[in-house]
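In the UniProt record's numbering, the protein residues as written are 1 to 545. Backbone N, C-alpha and C fix where the C-beta goes; we use that ideal spot for every residue, glycine too. All figures in this text were calculated on a predicted structure; none of them were measured in a lab. This report refers to the structure that appears directly beneath it.
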Amino acid sequence: MSSKNSTLFFVDAYSPNEGDSNLVLEYGILRWSENKSERPEVYVHTYLKPQVNYNRIHWSEASKMKISRDFIESKGDLPAIEDMIEADYLKRKSVVCFDVSAEPFSSLTCNSEHVFSIVDVFADIYADDEKARSCDTLAKMCDYVGLIPDDNRNTNYTPLLKRLHQMAALWSFLEELLLNPKRRKSISAGGIQPSFIWPLPESKDVWFENDPKSFNDLSDREITDFFSSNLADRLDWFEMNMYACDWLFNRQQRPIARELAGQRELAEFIFQKILSFRMQIWILIFYSQFFHKKEDSLTIAKNRGDFSVLRPAGIESFTNFIIDNLDLFLSADQKASLIASLINQSLHENDSVPFEHYDYDALRKKDHRAPEGPRLYFTSSPSQGRAAECYKEIRDATGRTIYMRFEIKGRGKERATHIDTVLHHVNELIREASNPFSDIWMTPALKLWIQYITGINFTDIVRPQKMNDSELLNSARITLRKIIEREANPYLQKLYANLNDCGKLIKQENIDVPSKGFNFQGISVEVMIVPSSKMGFIKRLFSFE
1 MSSKNSTLFF VDAYSPNEGD SNLVLEYGIL RWSENKSERP EVYVHTYLKP
51 QVNYNRIHWS EASKMKISRD FIESKGDLPA IEDMIEADYL KRKSVVCFDV
101 SAEPFSSLTC NSEHVFSIVD VFADIYADDE KARSCDTLAK MCDYVGLIPD
151 DNRNTNYTPL LKRLHQMAAL WSFLEELLLN PKRRKSISAG GIQPSFIWPL
201 PESKDVWFEN DPKSFNDLSD REITDFFSSN LADRLDWFEM NMYACDWLFN
251 RQQRPIAREL AGQRELAEFI FQKILSFRMQ IWILIFYSQF FHKKEDSLTI
301 AKNRGDFSVL RPAGIESFTN FIIDNLDLFL SADQKASLIA SLINQSLHEN
351 DSVPFEHYDY DALRKKDHRA PEGPRLYFTS SPSQGRAAEC YKEIRDATGR
401 TIYMRFEIKG RGKERATHID TVLHHVNELI REASNPFSDI WMTPALKLWI
451 QYITGINFTD IVRPQKMNDS ELLNSARITL RKIIEREANP YLQKLYANLN
501 DCGKLIKQEN IDVPSKGFNF QGISVEVMIV PSSKMGFIKR LFSFE
């Protein structure tokens with residue numbers, strides 16, 4: 001039985017109520033790659049909230065592991081041990097635990113490929129040693145084999161994570177005895193010598209000297225030293241959660257970032273121009289630790305934040321990492337500024353679209369006979385009691401309106417009916433444009449960007465407010481509304497001016513005027529006015545009665 005050439009996962013969990021696995025307050029897994037010359041790394045670490053009455057918990061015992069009731073309650077939404085069992089992080093893994101027969105370890109490892117128990121292995125190796133057989137705790141076993149105790153120089157790892165590193169060091173020693181049983185006496189006589197696994201290195205409170213403000217203030221050596229294999233030692237694991245490749249448990253899935261246009265350019269702008277140097281460092285730390293991209297993080301840092309030097313696959317991966325976590329990396333002010341910039345750019349681009357006349361009737365006939373290319377959708381509104389169509393609309397394949405046509409014809413009551421119908425549709429357009437969350441202002445791409453930046457589903461933002469809406473949601477809704485109203489106002493005023501011009505032309509019913517067309521946010525709006533003086537001639541020309 002040897003695990004020398006396989007990746008091992010060391011698992012441990014802490015309950016202050018001995019033997020009660022329902023009251024586990026902390027859970028951790030170390031991953032030790034098949035290259036045993038590298039140190040084990042944290043794979044999972046989280047505090048837990050038991051789904052029981054907290055009065056049952058022995059908080060005085062928990063304090064020995066630096067865990068208090070206030071500490072757990074202040075952590076917000078934490079998973080429970082049942083969630084860890086369901087997450088099944090150890091599925092098809094080779095696992096080492098202290099005692100596999102005890103819960104919750106038997107449940108946590110039920111789907112593991114191989115499970116090794118330190119208790120069982122220790123008992124097998126020292127079956128003929130009565131003193132060794134009396135060692136029933138990790139501390140006693142470590143003391144027996146001569147593993148030096150914690151020197152308390154490292155203050156960044158929690159007691160549980162320190163215990164896991166001790167388990168890894170003890171396992172390495174026991175495995176050596178398994179492979180070389182004849183050397184047991186000589187190996188045991190010297191005890192376990194200090195190694196790169198244990199004891200843990202001293203914590204460093206200062207990351208960099210001279211308080212750098214940017215990557216340019218650091219030398220290549222300082223950057224390389226920081227992003228070395230000991231990077232995890234610098235992190236405060238009392239405040240860090242890790243769930244394999246994420247720091248949020250059961251993160252809500254969002255649309256795939258690849259659907260967003262221009263994401264690389266925006267990611268570069270955000271990382272290099274918007275984020276502070278400290279946040280840039282944290283992003284590279286997270287990318288290194290959670291995505292296990294140590295070399296790419298080092299390369300980006302040494303190139304002073306320029307990630308275009310990475311391989312194409314690396315650029316795509318880092319871009320997606322930034323976009324996927326915009327809601328966490330950006331401050332509230334940065335989010336508002338970025339959203340305003342994106343909306344401003346989108347509205348300007350849509351305003352720059354030239355007006356285009358569409359032959360509604362010809363296009364509808366062509367689409368009906370043999371539709372080719374992207375599908376168009378046609379809507380018309382007959383005037384009340386008449387067959388003449390005085391409002392026509394064309395939408396593209398996505399359902400977005402691209403053309404509106406208002407027609408005013410006839411004389412007397414017929415013309416008045418046309419005008420009333422056109423005014424009805426004009427008022428509908430104004431009402432729609434007055435809604436800041438309307439599709440007129442919010443393109444599908446903008447909605448998707450806003451979801452990534454705020455971390456909130458766009459449909460939740462635009463729906464009516466509910467009593468139980470979170471403060472975060474209400475704040476995002478108010479902020480977004482103000483931004484859109486501010487950015488859209490110039491284009492809304494432009495729409496009012498164009499519609500007022502059309503209204504003046506309609507009043508001058510006996511003047512021969514050309515149709516008026518203008519663009520409004522990518523919608524070609526056309527108003528056709530046939531003077532009433534012409535209608536008599538046209539009617540006589542086509543009258544067969």
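ask   = Taking DSSP as the reference, what is the three-state secondary structure of residue 66?
value = coil
inquiry  = Quick check on this structure: which residue in 333, 244 and 273 has the alpha carbon closest to the alpha carbon of residue 476?
reply    = 333
message = For a quick check, are the C-beta atoms of residue 57 and residue 22 less than 8 Å apart?
response = no
request  = Report the partner residues of residue 271 according to the DSSP bridge assignment.
outcome  = Under the DSSP definition of a beta bridge, residue 271 lacks any partner.
task = Determine the direct distance from the alpha carbon of residue 380 to that of residue 387, and round the result to whole angstroms.
result = Because the pLDDT of residue 387 is 43, which lies under 50, any placement of that residue in the model is unreliable, and the question is left without a value.
ask   = Assuming residue 113 and residue 94 make a contact with CB atoms under 8 Å, what is their CB distance in whole Å?
value = 6 Å
Residue 268 versus residue 143: straight-line alpha-carbon distance, rounded = 52 Å
Beta-carbon proximity list for residue 80, same chain, < 7 Å, skipping 5 on both sides = 48, 49, 50 and 51
Host beta strand (DSSP E) of residue 32 (start-end) = 26-32
key: Reduced DSSP secondary structure (H/G/I, E/B, other) of residue 528   = strand
key: Through-space distance from residue 340 to residue 322, alpha-carbon basis   = The C-alpha of residue 340 is placed about 19 Å away from the C-alpha of residue 322.
ask   = Is the CB-CB distance between residue 247 and residue 290 below 8 Å?
value = yes
key: Completely contained beta strand (DSSP E) runs for the stretch 306-393, where each covers 3 or more residues   = 377-382
inquiry  = Tell me the DSSP secondary structure of residue 124 in three-state form.
reply    = In the structure shown, residue 124 sits in a helix (DSSP, three-state: H, G or I).
ask   = Taking the Cβ atom as the reference point for each residue, do residue 216 and residue 278 lie within a distance shorter than 8 Å?
value = The answer is no: Cβ separation not under 8 Å.
request  = Check residue 180 in the structure and name its three-state DSSP category.
outcome  = coil
message = Taking the beta carbon of residue 539 as the centre, do at least 16 other beta carbons fall within 10 Å, making it buried, or is it exposed?
response = Caution is warranted here: a pLDDT of 42 is assigned to residue 539, below 50, making its placement in the model unreliable, and no coordinate value can be reported.
key: Proximity to residue 432 [Cα-Cα], best of 495, 397 and 376   = 495
key: Euclidean distance between Cα positions of residue 59 and residue 158   = 17 Å
task = Could you please give the first and the last residue of the uninterrupted alpha helix (DSSP H) stretch that includes residue 13?
result = Careful: residue 13 lies outside any alpha helix (DSSP H), inside the beta strand (DSSP E) at 8-14.
request  = Name the two residues that bound the continuous beta strand (DSSP E) containing residue 516.
outcome  = 516-520
task = Return helix, strand or coil for residue 206, following the three-state DSSP convention.
result = Residue state for residue 206 is assigned as coil, using DSSP reduced to three classes.
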